[in-house]
Structures are given as C-alpha cells and as structure tokens.
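Protein chains in written order, with our numbering: chain A, 2 to 83; chain B, 2 to 83.
There are 2 protein chains.
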Amino acid sequence: MSGVPAIDPNGAELVYVQVANHMAARIESGEWEPNRRLPPERELADFYGVSYDSVRRATAMLREQGLIVTVHGRGTFVKPRH
Amino acid sequence: MSGVPAIDPNGAELVYVQVANHMAARIESGEWEPNRRLPPERELADFYGVSYDSVRRATAMLREQGLIVTVHGRGTFVKPRH
DNA sequence: CTGTATTTGTTCGTATGTATT
DNA sequence: AAATACATACGAACAAATACA
Numbered sequence: 002m003s004g005v006p007a008i009d010p011n012g013a014e015l016v017y018v019q020v021a022n023h024m025a026a027r028i029e030s031g032e033w034e035p036n037r038r039l040p041p042e043r044e045l046a047d048f049y050g051v052s053y054d055s056v057r058r059a060t061a062m063l064r065e066q067g068l069i070v071t072v073h074g075r076g077t078f079v080k081p082r083h
Numbered sequence: 002m003s004g005v006p007a008i009d010p011n012g013a014e015l016v017y018v019q020v021a022n023h024m025a026a027r028i029e030s031g032e033w034e035p036n037r038r039l040p041p042e043r044e045l046a047d048f049y050g051v052s053y054d055s056v057r058r059a060t061a062m063l064r065e066q067g068l069i070v071t072v073h074g075r076g077t078f079v080k081p082r083h
C-alpha cells in the first residue's frame, strides 16, 4: 500500500546508505531514466522521512559512484551510461 | 520606538516567526495599509538582517493567515480586511 | 515586438547547534 | 572522541512572471 520506502532509523545500515541504495535501485530499475531530473533534495528528504543532511550524504555517494550529476540551482540528473 | 526591529537569532522564537510577528504588527498598526505593496522580499531580508529563506517562511505564514497576497513577478500586497 | 529591469519562485550549497550513539 | 542524524538558518545560482519603455 504505502509505496513509501521504509527507511529504518534503527536498522543495521546507516540511514544515508539506505537512502542511497534505494535511490540507486530506482535508477537501475529505470524508474528514473537517464538525463531525467530527480526530485529536489528537500523533497526527497520529505519522501524518505529523513533529514536533508542524510539526503545530501546519499547523493554524495551516488555522485562518487558516477550515477548522478548535480548542478547548482538546477537540480540533480541521472547520468546516462556511456 | 526603535524602528529597528530586533530579530534575535538566539532568541527563544524561531527567526522566521519573529519576522512574521513583526510584519503582522506593521500591518495591524496601519504602517502597511490595505492594498499597499510591501517591500520586495529580498529588501525585507536586508531590513531585518535575516536570510531570504527566513522572509519566505515568514510571508508563507502571513499568507496562510490571510494577511497578505503574493503575485509572482509583481509583489506582495496587504489584503484588505473584509 | 523586443528587449530590459523588477520581483517572486525554485533548487543546490554551506554552516551551526543539539542530541544520540 | 567521533560520526551520524536532525533542524534551523544563511548563501548562491538558476528560473519564471510581470511591467514597461
């Protein structure tokens, strides 16, 4: 029903890692297609029920992994796999 | 008296609530008359010595309270009392 | 009609304080 | 002590709507 991903603050995995994993899965699954703009970071924080800080850590991971690209003032985009 | 609005960043009340309260008082007092356009949000931020973000939060409160109306690209106006 | 200036709207970036682990 | 997590606030970049010459 929910469709809302369960981020468990008391889970074995760190909150921001849980968020990063879930976001990566959405990219892998094609829910977020290449070149598409992701929801704003603050919206994602709301969506996942976590702090902006945690989303920032999560997106930092995905950026390091080359999955996304972020542009100041514009948004975050799914990087096409070359 | 002072004319200088003392927004205390370390006060018990949140910054944007302090700003909202001060703005509401200016409307109540008649300093800002009905249908008048308020100073631009960024100017208010300067005036109060707070961030644009805080002014946005404050005006959002006043909009919810029905004290002001904002039009994209035009400005923010004091709502006439019914 | 075509710019240009003004003003609000959106989004990412950074800093700080507190609490918890 | 150090890292995580949350909340607030400030700052910067990008964008859209409006007005007007």
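Idealized CB from N, CA, C, for every residue including glycine.
May I have the straight-line CA-CA distance separating B:T87 from B:I69, to the nearest angstrom?
Since the first residue of chain B shown is 2 and the last is 83, residue 87 of chain B is not available in this structure.
Q: Go through its chain and collect everything with a Cβ distance to A:R82's Cβ below 8 Å, but skip five positions before and after it.
A: Cβ neighbours of A:R82 beyond the five flanking positions: P35.
Kindly give me the distance between the Cβ atoms of B:I8 and B:Y49, rounded to whole angstroms, as I take these residues to be in contact under 8 Å.
With a Cβ gap of about 5 Å, B:I8 and B:Y49 count as contacting.
Since B:T71 and B:R38 are thought to touch, with beta carbons under 8 Å apart, how far apart are those beta carbons, to the nearest angstrom? About 10 Å; that fails the 8 Å criterion.
By Cβ distance below 8 Å, which residues in the same chain neighbour A:V56 in space, the five residues on each side in sequence not counted? For A:V56, where only same-chain residues beyond five positions count, the Cβ hits under 8 Å are Y17, V20, E42, R43, L45, A46 and Y49.
query: Got a sec, what are the start and stop residues for the beta strand (DSSP E) B:V51 sits in?
result: Run containing B:V51: none; DSSP gives neither H nor E here.
Nearest candidate by alpha-carbon position, reference B:R64, set B:P6, B:G31 and B:M24
It is B:M24.
Starting from B:I28 and walking both ways along the alpha helix (DSSP H), at which residues does that stretch end? Membership of B:I28 in the alpha helix (DSSP H) is indicated by the continuous run V16 to E29.
Rounding to the nearest angstrom, what Cα-Cα distance links A:R58 and A:V51 in this structure? Rounded to the nearest whole angstrom, the C-alpha separation of A:R58 and A:V51 is 11 Å.
>> Tell me the DSSP secondary structure of A:R64 in three-state form.
In response: The answer is helix: DSSP assigns A:R64 an H, G or I state.
ask   = Where DSSP assigns a beta bridge to A:R38, which residues make up the other side?
value = Answer is A:F78, bridged to A:R38.
- If we ignore side chains and look at the alpha-carbon of each, how far apart do A:S30 and A:N22 end up? Here the alpha carbon of A:S30 sits roughly 12 Å from the alpha carbon of A:N22.
Can you tell me where the beta strand (DSSP E) holding B:I69 begins and where it ends? B:I69 -> beta strand (DSSP E) spans I69 to V72.
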